[in-house]
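Numbering (the numbering used here), first residue to last: 937 to 1002.
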């Protein structure tokens, strides 16, 4: 069985939000090629922040002992 491949340059995987003036089409995700070619039409990346838990935040902001 051949190994499956995923072309990050062409396959849509980066979530984006388009500017109002951007020409159609407006896919929800783009590959690296479209990200670079249409960067002027992209308002922002729509990547969600990872969830934070109280335990994680407390340990990240705690001063070192001593």
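Using N, Cα and C, we set each Cβ at its ideal position, and we do this for glycine too. Computed from a predicted structure; not experimentally measured.
Nearest-angstrom Cα separation, counted from residue 981 out to residue 974: Walking along the chain shown from the start, residue 974 turns up at place 38. Walking along the chain shown from the start, residue 981 turns up at place 45. Roughly 12 angstroms separates the two Cα atoms.
Secondary structure of residue 971, DSSP reduced to three states: Indexing the chain shown from 1 puts residue 971 at position 35. In the structure shown, residue 971 sits in a helix (DSSP, three-state: H, G or I).
Whole-angstrom distance between residue 971 and residue 950, CA atom to CA atom: Counted from its first residue, the chain shown places residue 950 at position 14. Counted from its first residue, the chain shown places residue 971 at position 35. Near 8 angstroms, if we compare the C-alpha coordinates of residue 971 and residue 950.
Beta-carbon proximity check, residue 965 vs residue 987, cutoff 8 angstroms: Stepping through the chain shown from its first residue, residue 965 is reached at position 29. Stepping through the chain shown from its first residue, residue 987 is reached at position 51. Taking 8 angstroms as the Cβ cut-off, residue 965 and residue 987 do not qualify as a contacting pair.
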